[in-house]
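Enquirer: The structure is given below, and queries will be raised subsequently.
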Ligand code: SF4
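Residue numbers (the numbering used here): 1 to 448.
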């Protein structure tokens, strides 16, 4: 938990020398608490105070990184229970778990397909994050051979899963430099695997069936100074999974328990694709750090990646497109002129429906701070005067002779105000729902 200004002041020299740019140490402490300055601005702060303040400024859920170079994956770093309190920081990683018993050709096909898989949604590229190889063959040699194949095909985070700590040790050595995740240590193997993870620069997952055992192990490891940890609390049911994740997040955030302040790892494998999707969805919605699925089904991944994007979008910074006039298709000087807001989801739905209607058009998108149509209108960002001013400044009047502008049906009430702001233009009220644009184009605009 972050320290308050008064607590920080007690750690400062209290000489009020002003060298930090603040008039008093208290004023500087208040700025530090509000994250408006850096501790390094005070040249006289002691090493002990620096260490305390650095530890206190760590997020309650530690950020743990997997992978190397430009292909790193980060989990944790979270500071809130609910995203509307601030924002969530690192989106739940979604990965593919493969057994080393799969035939080589199947491994190559699945991993290549997985590595190439990406979707674009509201202007963002969404893709999965990690591949985990499980030793199901019982052969360390086979595990290492499969890891070599996967490492050659998959550039991002890799996990290795086995209860055999000798095989895990060999895998860690093989993947040295890739910062893999070793899954998972249990009390009997924890000490050896922590040492190995340190030596090979790996992250380590620790697994238990209940919170007490997990907390005991995590406390010992954290006290030893090793902090590249994931927590795997094995759950017997969907309900238990949800409950566990909420309890762990609350303990870390509300009780300030640093031993349990690490990202959570889970392997989903119910035997039923729909149940797998449900369990992975719970991990994404409620605090999972990294979740692995037992197969690659694009239909499932598109749903999970979309869910993840929705949950991890910063509610205070909606995804926006640049305010400007967009050409949809190949519009000319007679093409219709539509207007909508710069909230990405709204823009992409409206532009997609215009495209689907088979016509080319101009789409005028004023600055609305990323709000949707009704929200922007209610906030005074999408009224007649603002749209009118944007149209005049945008240059659209030089691009088209058409002087008819189509506004969303939900803001029909601004028609008069917009006509006043745009002399010479006629305002046409379009459909309320973007899905009705196609029939509007055919039946009202009567454009073939
Ligand atoms: S520089 Fe340090 S000691 Fe001087 S006023 Fe600022 S916080 Fe206090």
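All C-beta atoms, glycine included, are put in the ideal place defined by N, C-alpha and C.
Since we're looking at a predicted model, the values are computed, not measured.
Confirm the yes/no value for this check: CB of residue 22, any heavy atom of ligand 3, distance under 7 Å.
Expert: This structure simply doesn't include ligand 3; it includes ligand 1 instead.
Enquirer: Can you tell me the Cα-Cα spacing of residue 432 and residue 343, whole angstroms?
Expert: When rounded, the distance between both Cα atoms is 16 Å.
Enquirer: Please determine, among 334, 384, 368, the residue with the shortest C-alpha to C-alpha distance to residue 404.
Expert: Residue 404 has its Cα closest to that of 334, out of 334, 384, 368.
Enquirer: So, do the segment 192-201 and the segment 25-36 have three or more beta carbon pairs nearer to each other than 8 Å?
Expert: Touching, no, given that fewer than three Cβ pairs across the two stretches are closer than 8 Å.
Enquirer: Just verifying my parser: in three-state terms, what is the DSSP assignment at residue 375?
Expert: Here residue 375 sits in helix by DSSP.
Enquirer: Can you tell me the Cβ-Cβ gap for residue 390 and residue 364, rounded? I've got them flagged as a contact below 8 Å.
Expert: Residue 390 to residue 364, Cβ: 7 Å. Contact.
Enquirer: I need the DSSP call for residue 125, collapsed to helix, strand or coil.
Expert: Residue state, collapsed to three classes: strand.
Enquirer: Check whether the Cβ atoms of residue 286 and residue 246 lie closer than 8 Å to each other.
Expert: For residue 286 and residue 246, yes; Cβs fall inside 8 Å.
Enquirer: Could you give the DSSP three-state label for residue 180: helix, strand or coil?
Expert: Three-state DSSP puts residue 180 in coil, outside helix and strand.
Enquirer: Would DSSP call residue 319 helix, strand or coil?
Expert: Residue 319 falls in the coil class under three-state DSSP.
Enquirer: Excluding the 5 residues preceding and the 5 following residue 20 in the sequence, name in chain order all residues of the same chain whose CB lies nearer than 6 Å to its CB.
Expert: Excluding residues within five positions, the ones whose Cβ falls inside 6 Å are 28, 41, 42.
Enquirer: Considering only the alpha carbon of each residue, which of 117, 8, 102 lies closest to residue 137?
Expert: When each option's Cα is compared against that of residue 137, the closest is 102.
Enquirer: Consult DSSP for residue 267 and reduce its assignment to one of helix, strand or coil.
Expert: Note: residue 267 maps to strand in three-state DSSP.
Enquirer: So the candidates are 262, 290, 203; which of them puts its Cα closest to the Cα of residue 218?
Expert: Residue 218 has its Cα closest to that of 262, out of 262, 290, 203.
Enquirer: Looking at C-alpha atoms only, which residue of 80, 95, 9 is the closest neighbour of residue 281?
Expert: Of the candidates 80, 95, 9, the one whose C-alpha sits nearest the C-alpha of residue 281 is 95.
Enquirer: CB-CB under 6 Å to residue 221, same chain, minus the five flanking residues each way: which ones, in chain order?
Expert: Around residue 221: 194.
Enquirer: For residue 161, which three-state DSSP category applies?
Expert: Three-state result, residue 161: strand.
Enquirer: Just to confirm my understanding: we take residue 360, look at its own chain, exclude 5 residues before and 5 after, and list those with CB closer than 8 Å. What are they?
Expert: The residues are 327, 328, 329, 330, 331, 332, 335.
Enquirer: Grab me the residues of residue 14's own chain with a C-beta within less than 8 Å of its C-beta, minus the 5 sequence neighbours each way, in chain order.
Expert: Same-chain partners within the cutoff: 25.
Enquirer: I want to check one thing, is the minimum distance from the CB of residue 174 to the heavy atoms of ligand 1 below 7 Å?
Expert: Residue 174 Cβ: outside cutoff for every heavy atom of ligand 1.
Enquirer: Pair every Cβ in the segment 74-88 with every Cβ in the segment 239-253, then say whether three or more of these pairs are closer than 8 Å.
Expert: Verdict: yes, contact present.
Enquirer: Could you check where the beta strand (DSSP E) with residue 96 kicks off and where it finishes?
Expert: Unbroken beta strand (DSSP E) run through residue 96: 93-99.
Enquirer: Could you please give the first and the last residue of the uninterrupted beta strand (DSSP E) stretch that includes residue 288?
Expert: Note, residue 288: beta strand (DSSP E), 288-293.
Enquirer: Can you grab the Cα-Cα spacing for the pair residue 45 / residue 22, in whole Å?
Expert: Roughly 14 Å separates the two Cα atoms.
Enquirer: Leaving aside the five residues before and after residue 128 along the sequence, list all residues of the same chain whose C-beta is less than 7 Å from its C-beta, in chain order.
Expert: Excluding sequence neighbours, residue 128 sits near 94, 95, 96, 114, 117, 301.
Enquirer: Quick check on the burial criterion: 16 or more other C-beta atoms within 10 angstroms. Buried or exposed for residue 288?
Expert: The residue in question, residue 288, is buried, as its Cβ has 16 or more Cβ neighbours within 10 Å.
Enquirer: Just list the beta strand (DSSP E) runs in the segment 318-396, keeping only unbroken ones of 3 residues or longer that don't cross its boundaries, in chain order.
Expert: Runs found: 324-328, 337-339, 361-365.
Enquirer: Given the structure, does residue 15 come close to ligand 1, in the sense that its CB is under 7 Å from one of the ligand's heavy atoms?
Expert: True, at least one ligand heavy atom lies under 7 Å from that Cβ.
Enquirer: Which first and last residues belong to the beta strand (DSSP E) in which residue 52 is found?
Expert: That residue, residue 52, is in no beta strand (DSSP E); its alpha helix (DSSP H) goes 47-56.
Enquirer: Along the beta strand (DSSP E) that carries residue 233, what are the first and last residues, could you check?
Expert: That run of the beta strand (DSSP E) goes 229-233.
Enquirer: Just the Cα atoms here: how many angstroms apart are residue 202 and residue 429?
Expert: Going from the Cα of residue 202 to the Cα of residue 429 covers about 60 Å.
Enquirer: Rounded to the nearest angstrom, what separates residue 121 and residue 323 at their Cα positions?
Expert: If you take the alpha carbons of residue 121 and residue 323, they lie about 18 Å apart.
Enquirer: At which residues does the beta strand (DSSP E) containing residue 302 begin and terminate?
Expert: From DSSP, residue 302 is part of no beta strand (DSSP E) but of the alpha helix (DSSP H) over 298-312.
Enquirer: Taking the alpha-carbon of residue 91 as reference, which of 106, 84, 126 has the nearest alpha-carbon?
Expert: The shortest Cα separation from residue 91 among 106, 84, 126 belongs to 126.
Enquirer: What first and last residue would you give for the beta strand (DSSP E) that runs through residue 215?
Expert: Premise fails: residue 215 lies in the alpha helix (DSSP H), 211-223, not in any beta strand (DSSP E).
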